[in-house]
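A.B. asks: Okay, here's the structure, questions in a sec.
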Amino acid sequence: MLNRRAYARIHKLLKKRGITDIEYRKILHENFGVKSSKDLAWPQFPVLMRKLREYGSASYQTEEDRISLDQHDLLMELITDVGIFNSCGYVSKIIRRNISSLGELTKKEAATAIHALKRMKEKRNKGL
């Protein structure tokens with residue numbers, strides 16, 4: 001059985017990732033065969049946390065949630081303009097989630113990255 005601190009970490013991550021109670025219960029049932037986190041053992045806790053962090057990545061996204069082609073093209077253009085070599089690593093830092101390709105981004109994450117890169121480009125252009 002998990003302690004209060006573990007439950008707090010779970011619920012903080014649920015809120016941060018925007019995971020609904022129904023989605024959370026589905027994750028618990030599909031991965032651990034339980035209905036509640038109270039039925040989890042300690043060794044399952046890090047696995048659950050990883051699953052929750054991954055939730056919303058490309059494997060869970062619907063087509064509507066994924067980055068649009070226009071957003072992808074604009075991101076690539078901004079990355080080139082700013083002169084970033086490791087685009088996935090840099091964008092991962094902006095959105096605070098590890099990605100292996102830009103196609104894993106949600107529309108919201110892409111918008112955040114585009115905004116940050118536009119600001120960076122503006123600052124660099126002012127310096128010239």
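This note's numbering puts the first residue of the sequence shown at 1, with every later residue one more than the last.
Using N, Cα and C, we set each Cβ at its ideal position, and we do this for glycine too.
1) Hey, quick one: how far does the alpha helix (DSSP H) through aspartate 21 stretch, first residue to last?
2) Between the alpha carbons of lysine 38 and leucine 2, how many angstroms are there, rounded?
3) Does the stretch 82–89 come close enough to the stretch 30–49 to have 3 or more Cβ pairs within less than 8 angstroms?
4) Less than 8 angstroms between the beta carbons of aspartate 81 and lysine 121, yes or no?
5) Can you grab the Cα-Cα spacing for the pair glycine 103 / isoleucine 19, in whole Å?
6) So, helix, strand or coil for arginine 66, using DSSP?
C.D. replies: On the basis of the supplied data:
1) Where aspartate 21 is concerned, the enclosing alpha helix (DSSP H) stretches over 21–32.
2) Computed Cα separation, rounded: 7 angstroms.
3) No: fewer than three Cβ pairs fall under 8 angstroms.
4) Result yes, Cβ atoms of aspartate 81 and lysine 121 sit closer than 8 angstroms.
5) About 21 angstroms.
6) Here arginine 66 sits in strand by DSSP.
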